[in-house]
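Notes for the one structure printed next.
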DNA sequence: ATTAAATTTCGGTGTATAACGAAATGAAAT
DNA sequence: ATTTCATTTCGTTATACACCGAAATTTAAT
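Protein chains in written order, with this note's numbering: chain V, 1 to 116; chain R, 117 to 232.
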């Protein structure tokens, strides 16, 4: 694999909001509007972050009715992707924003979120 | 450690030229003009890349007469920095540009390089 | 079929950054 | 002290990207 592509993998991880998304998805699969609610960003912004993570191979998507579920790509054959995903729980654990995020996704419910 | 700072660590690794520099420094310590010769960039550009890697904690510098030697920071207490440095040899091994770099640093000599 | 809702794509804006050459800095040799 | 040489800093330019709101798309429900 070319070094430019490895660099792109690290670039995908170089944004705090994308790291927060990965941490949340390591708890459970989430739709765009749930992530949007927690991060307090525009839906389009979250969608673009998800697109970056997906292109890099860190996450995959799954259609679920009117929602799109995003989840961690546990089956990646790329060594970097696989190791990064397995290291993330140890590397990022005590950040206050992340802790708050992980609390929120327990109470977040896609059925009364998006159209208010 | 805040997640913004973790993101910065990945950002430091998100540039192909900086990855190439790290790979070279894992062979031996190098001065700015040697790295410049191998990467074929402006000296100022290389200096800035080194500054990014140093601020992130991946490398350290050492004065050596009129030269400045840069070397891998093997003593980092940051888990991410330490693991990334130890993983790099496995993650990036077969890239043609990197292989060429590693060959070049064997023949590169700071004493007849910079002022030609 | 039409409407409604979730998501993606698009256009625009401001900021970050990779690159360069030139000027400034610092150290060594004359 | 002055010159030389390696490196850093600065000013500039071009590109990348994070963000938003609006428009387009896709899917579900009426």
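Glycine included, C-beta positions come from ideal geometry on N, C-alpha and C.
In this text the structure is predicted, and so the values were computed from the model without any measurement.
Residue range of the unbroken alpha helix (DSSP H) whose run includes residue i
i	result
residue 104 (chain V)	96-107
residue 133 (chain R)	132-141
residue 166 (chain R)	159-172
residue 285 (chain R)	Outside the modelled stretch of chain R, which goes from 117 to 232, sits residue 285 (chain R), for which no answer is possible.
residue 155 (chain R)	148-155
Reference residue i, options the options, closest by Cα
i	options	result
residue 155 (chain R)	R:197, R:223, R:227 and R:217	R:217
residue 80 (chain V)	R:193, R:169 and R:203	R:203
residue 207 (chain R)	R:124, R:125, R:121 and R:129	R:129
residue 76 (chain V)	V:47, V:111 and V:53	V:53
residue 186 (chain R)	R:213, R:194, R:157 and R:144	R:144
residue 31 (chain V)	V:96, V:68 and V:108	V:68
residue 124 (chain R)	R:173, R:157 and R:142	R:173
residue 48 (chain V)	V:99, V:111, V:94 and V:17	V:17
residue 189 (chain R)	R:182, R:212, R:180 and R:199	R:199
residue 19 (chain V)	V:113, V:37 and V:50	V:50
residue 4 (chain V)	R:138, R:213 and R:141	R:213
residue 122 (chain R)	V:109, V:89 and V:44	V:89
residue 181 (chain R)	R:209, R:227, R:127 and R:126	R:227
residue 78 (chain V)	V:22, V:59 and V:21	V:59
residue 139 (chain R)	R:161, R:225, R:229 and R:210	R:210
residue 85 (chain V)	V:2, V:11 and V:26	V:26
residue 103 (chain V)	V:34, V:46, V:15 and V:10	V:34
residue 108 (chain V)	V:2, V:10, V:36 and V:62	V:36
residue 161 (chain R)	R:179, R:178, R:137 and R:177	R:137
Using a Cβ-Cβ cutoff of 9 Å, what residues of the region 85-110 of chain V are near chain R? List them in chain order. Of all residues in the region 85-110 of chain V, only 87, 90, 91, 92, 94, 95, 96, 97 and 98 come within less than 9 Å of chain R when Cβ atoms are compared, listed by chain position.
Contained beta strand (DSSP E) runs [length at least 3] in the region 176-200 of chain R, N- to C-terminal order: Within the region 176-200 of chain R, the complete beta strand (DSSP E) runs of at least 3 residues are 183-188.
Relative to chain V, which residues along the region 190-201 of chain R have a C-beta separation below 8 Å, given in chain order? Listed by position, the residues of the region 190-201 of chain R near chain V (Cβ gap below 8 Å) are 195, 196 and 199.
Taking Cβ-Cβ distances below 8 Å as the criterion, which residues of the region 41-63 of chain V are in contact with chain R? For the region 41-63 of chain V, which is checked against every Cβ of chain R, not one residue is closer than 8 Å.
Along the region 3-18 of chain V, what residues have a CB closer than 7 Å to any CB found in chain R? Here the close residues are 3, 4, 6, 7, 10, 11, 13, 14, 15 and 16.
Please list, in chain order, the residues of the region 17-40 of chain V that have any C-beta partner in chain R closer than 7 Å. Under the 7 Å Cβ criterion, the region 17-40 of chain V contributes 19 and 20.
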